[in-house]
Amino acid sequence: MFSLPIEAKLDVLKCLNFNQLSSIKLTNFYFFNLIKKYEEQLCFRMKFNKLLIDGDLRKLESYRIIKPKPVLEYTLDKRLKKEWQKILNSDISLFYDPKDPLYVDDCFFYFERTFDNLLSNEPRYYILKLPQFPEDIEEMVIIRYCLEQIFNCVFESALFSEIVFNSQVFYLLFNYNTPQLHIQKLTLFPNNESLEELCKFVYYFLTISECLCINLNHVMMQSGSMIRFLLFILKNRGNKLPKILLKNVKVEWFYNAIIKHIQEAKSCSKMVPVIFLHYILPQECELSERAENVEIKQLNGVKYTKYQIVNIHNPKIRFSFCNQEGNNGKVFYVKIRRMDE
11 MFSLPIEAKL DVLKCLNFNQ LSSIKLTNFY FFNLIKKYEE QLCFRMKFNK
61 LLIDGDLRKL ESYRIIKPKP VLEYTLDKRL KKEWQKILNS DISLFYDPKD
111 PLYVDDCFFY FERTFDNLLS NEPRYYILKL PQFPEDIEEM VIIRYCLEQI
161 FNCVFESALF SEIVFNSQVF YLLFNYNTPQ LHIQKLTLFP NNESLEELCK
211 FVYYFLTISE CLCINLNHVM MQSGSMIRFL LFILKNRGNK LPKILLKNVK
261 VEWFYNAIIK HIQEAKSCSK MVPVIFLHYI LPQECELSER AENVEIKQLN
311 GVKYTKYQIV NIHNPKIRFS FCNQEGNNGK VFYVKIRRMD E
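The sequence shown begins at 11 in this note's numbering and counts up by one.
Following this line, the structure appears as structure tokens:
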């Protein structure tokens with residue numbers, strides 16, 4: 011590979027994923043410097059510190075804008091082209107904004123670089139802007155190509171609030187497939203209007219390797235349908251969510267619904283293995299009649315009640331609980347963890 015021209019070397023490197031690039035980068039100083047020099051062209055194969063979607067660049071001090079270029083070779087079958095034409099005809103936005111689902115102001119992808127790959131004279135952020143309303147098939151191709159490169163990245167963290175990808179457009183863009191965005195830690199700050207769309211995107215298009223945190227503080231009306239959708243994620247996304255933290259929960263029955271599922275479900279194999287519940291107002295969470303191995307301790311004014319819940323169909327399936335109660339006897343924090351069989 012040393013004898014190849016630079017263009018050929020870059021073509022080879024562009025075929026590698028993040029882990030492969032990282033390994034080659036550590037091989038010797040030549041490849042380390044080569045990848046560093048052309049990092050902008052290879053940036054979508056890199057690991058980033060954070061991914062954000064926002065509409066304001068004024069808060070950033072150091073960034074470099076990435077301008078998508080036309081994709082010369084991209085084969086579309088007639089069926090996919092027809093589906094894409096639906097997006098163009100319907101004037102559907104690439105992003106979802108609950109304030110106006112049909113339109114969103116300028117939105118930028120912020121790719122914050124990891125500190126170990128950041129020198130003092132280099133920009134801290136890469137910025138990518140995609141058209142909210144693609145005008146033709148060529149722009150659709152550019153959008154899909156850029157998103158495919160993003161799916162090759164690894165992000166240490168990400169934060170989504172109100173603005174998020176439009177799941178409907180994603181389905182059509184990728185021919186009803188569900189490519190995965192790889193994030194280690196994701197934090198969501200939804201409101202009443204954006205919660206369902208954010209959860210849909212998490213459910214179908216994200217693989218989270220460490221933890222998902224959903225802050226429900228701005229979800230003022232935590233309706234049954236909203237909470238049931240969260241419960242559906244807890245029951246069915248354990249293969250892509252090792253841990254989930256729900257902050258500022260306002261609904262008391264959510265705790266009881268989790269216990270009921272663990273006790274009565276014929277299978278808990280898809281359930282998220284570690285769940286944290288934080289109540290914005292302490293709740294009266296009664297101890298289940300089927301609780302086993304109950305232990306109660308007091309420490310620094312907090313009462314810790316530890317116990318286990320066993321599945322009625324398979325006694326080997328059990329989850330440990332730890333309820334934290336304040337002086338008023340109400341629970342403000344619950345830790346739930348699947349135990350090894």
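Cβ atoms here follow ideal geometry from the backbone N, Cα and C, with glycine treated the same way.
On a predicted model such as this, the values are computed, not experimentally measured, just so you know.
The three-state secondary structure of Phe-105, taken from DSSP, is strand.
In this chain, the beta strand (DSSP E) harbouring Ala-168 covers 164-170. The alpha-carbon of Lys-280 is positioned some 43 Å away from that of Lys-19.
Put simply, the backbone Cα of Glu-148 is about 11 Å away from that of Lys-91. In terms of Cα proximity to Phe-125, the closest of Arg-134, Cys-117, Phe-119 is Arg-134. In this structure Ile-285 is buried. Its beta-carbon is surrounded by 16 or more other beta-carbon atoms within 10 angstroms. For Tyr-289 against Val-341, the beta-carbon gap comes to about 7 Å, under 8 Å, which counts as contact. Here Glu-207 carries a helix assignment [DSSP, helix/strand/coil]. The continuous beta strand (DSSP E) containing Ser-330 extends over residues 328-335. Taking 8 Å as the upper bound for CB-CB distance, Ile-237 and Leu-198 are not in contact here, some 15 Å apart.
About 13 Å separates the CB atoms of Glu-132 and Asn-59; that is not less than 8 Å, and the two are not in contact. DSSP places Phe-242 in the helix class (H, G or I) of the three-state scheme. Taking a contact to require three or more Cβ pairs closer than 8 Å, the region 309-328 and the region 243-262 do not qualify as touching. Note that the region 91-105 does not touch the region 34-44; fewer than 3 beta-carbon pairs, one per stretch, sit closer than 8 Å. Here Tyr-73 is bridged, per DSSP, to Tyr-135. Relative to Glu-302, the option among Val-312, Leu-14, Phe-331, Cys-295 whose CA is nearest is Phe-331. By DSSP's assignment, Ile-346 forms a beta bridge with Ile-285, Phe-331. Approximately 7 Å separates the beta-carbon atoms of Leu-138 and Phe-118; this is inside 8 Å, confirming the contact. Residue pairing by DSSP puts Glu-302 in a beta bridge opposite Gln-318. When DSSP reads this structure, His-192 sits in a beta bridge with Val-164, Thr-217.
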